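Undergrad: Numbering follows numbering that gives the first Met the number 0, with no gaps: position 445 of the sequence shown is 444.
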Amino acid sequence: MKNTASIVLAAGQGKRMFSELPKVLHRASGRSLVSFPVRLAQGLEVSPIVVVVGHGREKVIAQLDTDFGQGAVCFAVQEQQLGTADAVRSALPHLLDHRGPVLVLSGDVPLLADQTIRQLEAAYLGANAAVALLTFEPRDPSGYGRVLREAGHVRSVKEHRDCSESERAIREVNAGIYLIDADFLRSGLGRLTSDNDQGELLLPDLVALAASEGVVPAVLASEEEVGGVNDRADLARVEAVLRARTNLALMRTGVAMSQPESVHVDLDCEIGPDTSLGPGVQLLGRCRIGRGCTLEAGVIVQSSEVHDGATIKAYSVLESAVVGNDAVVGPFARLRPGTKLGPKVHIGNFVETKNTIMDTGAKANHLAYLGDGVIGQRVNVGAGTIFCNYDGYQKHTTVLEDDVFIGSDSQLVAPVTVGRGAYVGSGSTITKNVPADALAMSRVKQENREGVAALLRRRFAALKQKALEAKKGAH
Ligand code: UD1
Ligand code: CA
Numbered sequence: 000m001k002n003t004a005s006i007v008l009a010a011g012q013g014k015r016m017f018s019e020l021p022k023v024l025h026r027a028s029g030r031s032l033v034s035f036p037v038r039l040a041q042g043l044e045v046s047p048i049v050v051v052v053g054h055g056r057e058k059v060i061a062q063l064d065t066d067f068g069q070g071a072v073c074f075a076v077q078e079q080q081l082g083t084a085d086a087v088r089s090a091l092p093h094l095l096d097h098r099g100p101v102l103v104l105s106g107d108v109p110l111l112a113d114q115t116i117r118q119l120e121a122a123y124l125g126a127n128a129a130v131a132l133l134t135f136e137p138r139d140p141s142g143y144g145r146v147l148r149e150a151g152h153v154r155s156v157k158e159h160r161d162c163s164e165s166e167r168a169i170r171e172v173n174a175g176i177y178l179i180d181a182d183f184l185r186s187g188l189g190r191l192t193s194d195n196d197q198g199e200l201l202l203p204d205l206v207a208l209a210a211s212e213g214v215v216p217a218v219l220a221s222e223e224e225v226g227g228v229n230d231r232a233d234l235a236r237v238e239a240v241l242r243a244r245t246n247l248a249l250m251r252t253g254v255a256m257s258q259p260e261s262v263h264v265d266l267d268c269e270i271g272p273d274t275s276l277g278p279g280v281q282l283l284g285r286c287r288i289g290r291g292c293t294l295e296a297g298v299i300v301q302s303s304e305v306h307d308g309a310t311i312k313a314y315s316v317l318e319s320a321v322v323g324n325d326a327v328v329g330p331f332a333r334l335r336p337g338t339k340l341g342p343k344v345h346i347g348n349f350v351e352t353k354n355t356i357m358d359t360g361a362k363a364n365h366l367a368y369l370g371d372g373v374i375g376q377r378v379n380v381g382a383g384t385i386f387c388n389y390d391g392y393q394k395h396t397t398v399l400e401d402d403v404f405i406g407s408d409s410q411l412v413a414p415v416t417v418g419r420g421a422y423v424g425s426g427s428t429i430t431k432n433v434p435a436d437a438l439a440m441s442r443v444k445q446e447n448r449e450g451v452a453a454l455l456r457r458r459f460a461a462l463k464q465k466a467l468e469a470k471k472g473a474h
């Protein structure tokens, strides 16, 4: 958009969220609400983008700096939340030299599409207007500012609480999204009064001012698109819309979903073609899933990479992990942060890994805890193996070099290294380094006592019989 500046209103608290967090920092599909209008403004190439912050401003600024990088947007502070016009006024020092339209966006309207703003711009330019606004017709218009028209022309916007009974019957409401000429904005804000039920300076009052001097075009948008987020139910509705859109776009680019309505993929995830997502799969945060992967039912992946051809079986949970090409994980596996699995690694059921690297072809197929480990190629970790990585004060590393075999039910008390090709006998507790190609055993030697089990059985049966008789006698 040529020669257009933008103001994003994000200073309000959002009382109806009943939250410690400012409303605009609540998330939909992994992104903060306030990031949506900022992204929209960036896409429209408007500049500068001034975000008005107030309630929880440190957190809002920090979030936008993380999302877009420092300096991508400017911040104006509204010390007290005295209304939407006051919020816009606090942004004006950033727009001193600006001539031309100012796009006013709301921090709590995340689904607005750029084509709708283009339509608003066309209407604004076509009418040579001072103000143009987006309106919509919600199923329930209560709470919104009503659009009052005369002979079809927009005359003013009146807040719900200031409306008469008959005005409240009007279906068309203000969406809170405007294009306003900068010079008109500067002069108009000075002419507003707080003569309303809230005693605040209301931005929609500029509509009446502009309508007394010329035409105010209104573009009707859909409720789905411009309905704002005021409470948690609205937030869930917004996320449902985003989820459906994301899943459709993924399926259109070759991602298979047997039950798409149950799959959730955050907006900052990428998935390659020929990958299939089972029912209930959730991909959260920033994930990269390659081509030809299978994620079975109930898999939860947070901020992780899964490379081409890997299979994540049902109900596995991955967090900040990397899974290599053609690896197989789960079912019921838990990969915690710092897990890096190389190509063709196998992790089976009830295996937990944390800060552990496994090289090509290594396996841990059943019931293990592998914390703070470095595991070489083709290593086999037997069922029930535990890396004892914590001494109550510090974490230590277990190193298993290439081709090591760890027998079932072994404990490796870190720091410890098992050398290349070595064997650890089942049931061992390894506290000392094992040299390459050695066999390490630390269990008690087996002893067989002939006939003793049968002897014990007879003795125990006799004791039980005696106890029963004693009980009968007592009655
Ligand atoms: C506003 C409009 C209403 C419209 C509705 C559409 C006003 C007075 N009313 O009402 O006509 O139908 O949006 O959703 O504008 N904010 C600030 N500082 C403030 C007050 C608000 O930055 O002092 C921000 C909020 O954080 C929010 C936006 O402005 O992002 C809108 O404020 P909100 O209080 O939600 O206005 P509504 O009552 O919804
Ligand atoms: Ca609102």
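Where a beta carbon is used, it is the ideal one built from N, C-alpha and C, also for glycine.
All values reported here derive from a predicted model rather than from experimental measurement.
Run through the DSSP bridge pairs and tell me what Pro100 is partnered with.
TA: Beta-bridge pairing links Pro100 to Asp180.
Undergrad: Helix, strand or coil for Tyr314 per DSSP?
TA: Looking at Tyr314 - three-state DSSP - the assignment turns out to be coil, as it is neither helix nor strand.
Undergrad: Is Cys286 closer than 9 angstroms to Gly271 when the C-beta atoms are compared?
TA: Result no, Cβ atoms of Gly271 and Cys286 do not sit closer than 9 angstroms.
Undergrad: Cutting at 8 angstroms between CB atoms, please list the residues of its own chain near Gly337, excluding the five before and the five after it.
TA: The answer, listed in chain order, is Ser319, Ala320, Lys353, Asn354, Thr355.
Undergrad: If Pro36 and Ala4 are in contact, beta carbons under 8 angstroms, what's the gap, nearest whole angstrom?
TA: Their Cβ separation, rounded to whole angstroms, is 14 angstroms, which puts Pro36 and Ala4 out of contact at 8 angstroms.
Undergrad: Could you name each continuous beta strand (DSSP E) segment of 3 residues or more that falls completely within the segment 148-214, going from the start of the chain to the end?
TA: You should have 152-157, 172-180.
Undergrad: Note down, in chain order, each residue of its chain lying with its Cβ closer than 6 angstroms to the Cβ of Gly424, except the 5 sequence neighbours on either side.
TA: So the list reads Gly406, Met440, once near-sequence residues are dropped.
Undergrad: Drop a sphere of 10 angstroms on the beta-carbon of Asn447, count the other beta-carbons inside from all chains shown, and report buried for 16 or more, exposed for fewer.
TA: The residue in question, Asn447, is exposed, as its Cβ has fewer than 16 Cβ neighbours within 10 Å.
Undergrad: Using a Cβ-Cβ cut-off of 8 angstroms (strictly less than) and excluding sequence neighbours within five positions of Arg138, which residues of its own chain qualify?
TA: Answer for Arg138: Glu222, listed in chain order.
Undergrad: Starting from Tyr389, trace the alpha helix (DSSP H) both ways and give me its first and last residue.
TA: Counting along the chain, Tyr389 falls outside any alpha helix (DSSP H), and DSSP gives it neither H nor E.
Undergrad: Do the CB positions of Val240 and Asp107 come within less than 9 angstroms of each other?
TA: No, they are not a contact pair.
Undergrad: Ligand 1 heavy atoms versus the CB of Tyr143: any closer than 8 angstroms?
TA: Yes - ligand 1 has a heavy atom lying nearer than 8 angstroms to the Cβ of Tyr143.
Undergrad: If contacts are defined as beta-carbon pairs under 8 angstroms, then Val172 and Phe135 qualify, I think. What distance do you get, rounded to the angstrom?
TA: With 8 angstroms as the limit, Val172 and Phe135 qualify as a contact, their Cβ atoms being about 6 angstroms apart.
Undergrad: Between the alpha carbons of Ile6 and Val49, how many angstroms are there, rounded?
TA: Between Ile6 and Val49, the C-alpha separation is close to 5 angstroms.
Undergrad: Please tell me whether Tyr277 and Ala296 are closer than 9 angstroms, where the distance is taken between their beta carbons.
TA: Per the sequence shown, the amino acid found at residue 277 is Gly instead of Tyr. Cβ distance < 9 angstroms, so Gly277 and Ala296 count as in contact.
Undergrad: Please list the segments of the alpha helix (DSSP H) lying wholly inside the segment 105-152, counting only runs of 4 or more residues, in order along the chain.
TA: Whole alpha helix (DSSP H) segments, 4+ residues: 113-125.
Undergrad: Reducing DSSP to helix, strand and coil, say where Ser261 ends up.
TA: Residue state, collapsed to three classes: helix.
Undergrad: Run the CB neighbour count on Asp85, radius 10 Å, all protein chains shown included, and call it buried at 16 or more, exposed below.
TA: Buried, since its Cβ has 16 or more Cβ neighbours within 10 Å.
Undergrad: Using a threshold of 9 angstroms, state whether the C-beta atoms of Thr115 and Val215 are closer than that.
TA: No, these two residues do not count as a Cβ contact at 9 angstroms.
Undergrad: Can you tell me the Cα-Cα spacing of Arg15 and Asp230, whole angstroms?
TA: Taking the straight line joining both Cα atoms gives about 5 angstroms.
Undergrad: Distance, Cα to Cα, Ala61 vs Arg145?
TA: Approximately 35 angstroms between the Cα atoms of the pair.
Undergrad: Compare the Cα-Cα distances from Val433 to each of Leu208, Ser315, Ala421 and report the closest residue.
TA: Comparing Cα-Cα distances from Val433 to each of Leu208, Ser315, Ala421, the minimum goes to Ala421.
Undergrad: Excluding the five sequence neighbours on either side, which residues of its own chain have a C-beta within less than 7 angstroms of the C-beta of Arg170, listed in chain order?
TA: These residues qualify, in order along the chain: Glu136, Pro140.
Undergrad: Using a Cβ distance threshold of 8 angstroms, determine whether the segment 305-315 contacts the segment 325-343, with at least three qualifying pairs required.
TA: These segments touch.
Undergrad: Round the Cβ separation of Ala210 and Ser155 to the nearest angstrom and send it over; I've been treating them as touching at under 8 angstroms.
TA: Yes, they are in contact, since the Cβ atoms of Ala210 and Ser155 sit about 6 angstroms apart, within 8 angstroms.
Undergrad: Since I believe Asn348 is in contact with His365 (beta carbons under 8 angstroms), could you give me their beta-carbon distance rounded to a whole number of angstroms?
TA: Contact holds; Cβ gap of about 6 angstroms.
Undergrad: Nearest-angstrom Cα distance between Ala313 and Gly253?
TA: In a straight line, the C-alpha of Ala313 is about 21 angstroms away from that of Gly253.
Undergrad: Quick one: residues in its chain with C-beta nearer than 7 angstroms to the C-beta of Ser261, no 5 flanking neighbours on either side, listed in chain order?
TA: Excluding residues within five positions, the ones whose Cβ falls inside 7 angstroms are Pro278, Gly279.
Undergrad: Give the straight-line distance between the Cα atoms of Leu334 and Gln410, rounded to the nearest whole angstrom.
TA: So the two alpha carbons sit approximately 20 angstroms from each other.
Undergrad: Beta strand (DSSP E) containing Phe349: first to last residue?
TA: First-last of the beta strand (DSSP E) with Phe349: 345-353.
Undergrad: Can you look up His479 in the DSSP assignment and give me helix, strand or coil?
TA: The shown model of the chain, from 0 to 474, leaves out residue 479, and the question about it has no answer.
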